[in-house]
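Peer 1: Under this note's numbering, think of the first position of the sequence shown as 234, with each following residue one higher.
Each residue gets a CB set at the ideal place from its N, CA and C atoms; glycine is no exception.
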Amino acid sequence: MAQPSEQQPKEMLFPKRFLWGASTAAHQVEGGNHNQWSVWELENAKTLAAQAPYKDGHAPVWNEVRRQATNPNNYVSGRLANHYQRFEEDFDLLTAMNMNAYRFSIEWSRVEPKQGQWDAAAVQHYREYLAALKRRHVEPVVTLFHFTLPVWFSEMGGFEKRSNIRYFVEFAERIVRELGKDFRFIITVNEPDTYVAQGYIELHFPPQTYGLRRALRVYNNLARAHNRAAKAIRAVSPRFKVSVAKNSPYFYPGDDAWLSRVSALCMQYVQDDYFIKKVIRQCDFLGVNYYFSNRVYGYRVHNPEKDVSDLGWDMAPGDIEHALVRLHDRYKKPILITENGVADQNDEYRKWWISQTLAGVRRAMDEGVPVLGYMHWSLIDNFEWGFGKWPRFGLAAVNYATGERTLRPSAVWFGKVIKKLRRI
Ligand code: IFM
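Structure below.
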């Protein structure tokens with residue numbers, strides 16, 4: 234890859250209480266889930282494997298992953314890293330990297346497998362999970378909806394129906410009543426834009442049903458779901474800090490042309506502001522997932538494509554600065570970076586990625602953005618939805634055959650950086 238062009242500042246200071254962590258989501262690491270996604274995987278694995286050469290053949294690592302990507306098993310989550318049973322081992326990785334925070338999701342389909350039937354053993358599992366974090370002095374950030382739904386909820390129309398929102402609110406309330414004494418930070422909805430775009434427009438997620446009006450309805454219902462859940466959570470206790478995790482690429486014009494400038498603004502509005510405006514009053518902070526920026530020429534995105542990740546995504550980690558500054562200028566809320574990372578199976582870019590990101594975060598803080606913390610995606614290799622298991626985002630590599638976890642060299646380095654920045 235081309236050498237990084239941005240300089241890393243000599244010394245970076247972060248506040249003592251800054252949250253240094255990593256993220257996961259239940260369906261992407263736990264293994265053994267039964268929800269609308271696992272049903273869809275089984276129905277679509279063969280098709281996804283057959284389509285892979287056309288859809289992902291441009292990926293820079295295609296020759297290395299072709300066998301896996303053209304095998305239907307790649308698209309069935311199955312046992313994965315078996316994080317559901319091996320979470321203690323995974324939390325030791327947080328400790329090994331000197332982290333003090335961890336974001337994860339509570340799988341609704343486990344806790345309420347049938348409508349109105351709460352599974353005490355699943356709730357107990359998450360109780361022990363939270364206790365394991367507490368023993369390690371790790372601050373939990375709990376996500377309630379990270380793309381997966383119980384089958385019963387999905388069969389009754391999921392978030393397509395406004396009248397269904399109450400079931401999600403009940404779930405949220407139940408979780409904070411049962412488990413809330415052990416956490417403060419809650420993300421109600423993860424990347425509503427991705428869920429809607431992939432499920433109803435680009436069709437890489439269930440329910441894989443095209444429809445712009447339906448997409449908009451779901452998007453609006455997710456905003457309502459956040460607002461209602463946030464109120465219900467605060468009614469249980471005002472000490473909870475609630476937000477969404479918004480996927481926020483940064484759009485910028487590639488030239489001075491009027492059309493490029495207006496298009497970049499419109500794209501940013503559609504990507505971010507349409508949704509954030511609907512929920513911001515019910516957010517105590519703003520959760521931000523940052524993965525890339527988008528350069529706009531005329532009315533199209535045309536990225537430099539100089540440095541791309543294993544998924545072919547343009548890598549511009551330092552641009553996180555502009556995303557953070559813009560979001561803070563507009564919404565005046567503290568920001569928690571709830572996800573940020575890179576698909577990089579050979580661990581070629583991750584170290585560079587993290588150092589450029591942290592420098593960008595620091596610059597944003599110098600410009601006045603109150604950043605609460607940084608959570609890297611992902612703690613361990615994860616099931617990457619429609620791409621299946623081949624993309625490798627983990628700070629720790631997972632051998633899916635043996636279950637063995639190994640911190641990648643960049644993660645070992647990152648752990649030392651955190652130690653220095655936390656001054657411990
Ligand atoms: O793996 C996903 C995650 O579920 C949502 N944010 C982006 C990540 C990487 O694509």
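Going by the C-beta, is TRP211 closer than 7 Å to any heavy atom of the ligand IFM?
Peer 2: Any answer about residue 211 is impossible in this case: the structure gives the chain only from 234 up to 657.
Peer 1: Write down every uninterrupted run of the alpha helix (DSSP H) in the region 424-449 whose length is 4 residues or greater and which is fully enclosed by it, in chain order.
Peer 2: 425-433, all fully within the region 424-449.
Peer 1: Given ARG641, which residues of its chain have a CB within under 8 Å of its CB, disregarding the five upstream and five downstream residues?
Peer 2: These residues qualify, in order along the chain: ASP580, ARG583, GLY627, LEU628, ALA629, ALA630.
Peer 1: Does the beta carbon of ASN307 fall short of 7 Å from some heavy atom of the ligand IFM?
Peer 2: The answer is no for ASN307.
Peer 1: With DSSP collapsed to three states, give me the class of ALA329.
Peer 2: ALA329 falls in the helix class under three-state DSSP.
Peer 1: Return the Cβ separation of LEU605 and ILE568 in integer angstroms, given the expectation that the two are a contact with Cβ distance under 8 Å.
Peer 2: The Cβ separation is near 7 Å, so the contact holds.
Peer 1: So for GLU619, helix, strand or coil by DSSP?
Peer 2: According to the sequence as given, residue 619 is Gly; it is not Glu. It is helical.
Peer 1: With burial defined as no fewer than 16 other Cβ atoms inside 10 Å of the residue's Cβ, what is the status of TRP253: buried or exposed?
Peer 2: TRP253 should be labelled buried.
Peer 1: Kindly indicate the opening and closing residues of the beta strand (DSSP E) around GLY593.
Peer 2: GLY593 -> not in any beta strand (DSSP E); alpha helix (DSSP H) instead, spanning 583-599.
Peer 1: Please check the pair ALA405 and LEU382, which I expect to be a contact at CB under 8 Å, by giving their CB distance rounded to whole angstroms.
Peer 2: In fact, because the Cβ distance is near 14 Å, the residues do not count as touching under 8 Å.
Peer 1: How is MET500 classed by DSSP in three states: helix, strand or coil?
Peer 2: Three-state DSSP puts MET500 in a helix.
Peer 1: Is the beta carbon of LYS479 sitting closer than 8 Å to the one on GLY520?
Peer 2: Yes, Cβ-Cβ distance for LYS479 and GLY520 is below 8 Å.
Peer 1: Using only alpha-carbon positions, find the residue among ALA549, LEU326, LEU412 that is nearest to ARG528.
Peer 2: Comparing Cα-Cα distances from ARG528 to each of ALA549, LEU326, LEU412, the minimum goes to ALA549.
Peer 1: What first and last residue would you give for the beta strand (DSSP E) that runs through GLY606?
Peer 2: Taken as a continuous stretch (DSSP letters only), the beta strand (DSSP E) holding GLY606 covers 604-610.
Peer 1: DSSP puts PRO642 in a beta bridge; with which residues?
Peer 2: DSSP output for PRO642 lists no bridge partner at all.
Peer 1: Between the Cα of PRO486 and the Cα atoms of SER476, CYS499, LYS474, which residue gives the shortest distance?
Peer 2: Taking only the C-alpha atoms, the option nearest PRO486 is CYS499.
Peer 1: Taking ARG364 as the reference, which of MET332, VAL409, PHE416, TYR607 has the closest Cα?
Peer 2: Correcting the residue type first, residue 364 is Ala in the shown sequence and not Arg. Out of MET332, VAL409, PHE416, TYR607, PHE416 has the C-alpha closest to the C-alpha of ALA364.
Peer 1: Which residues does DSSP list as the beta-bridge partners of GLY254?
Peer 2: Partner(s): ALA334, MET608.
Peer 1: Does the ligand IFM have even one heavy atom less than 7 Å from the beta-carbon of HIS379?
Peer 2: True, at least one ligand heavy atom lies under 7 Å from that Cβ.
Peer 1: Using 8 Å as the threshold, is the region 279-289 in touch with the region 603-617, meaning 3 or more CB pairs across them?
Peer 2: Contact fails: fewer than three Cβ-Cβ distances are below 8 Å.
Peer 1: Beta-carbon within less than 7 Å of LEU246's beta-carbon, same chain only, minus the 5 sequence neighbours each way: which residues are those?
Peer 2: Same-chain partners within the cutoff: there are none.
Peer 1: Starting from ALA354, trace the alpha helix (DSSP H) both ways and give me its first and last residue.
Peer 2: Per DSSP, ALA354 belongs to the alpha helix (DSSP H) from 353-368.
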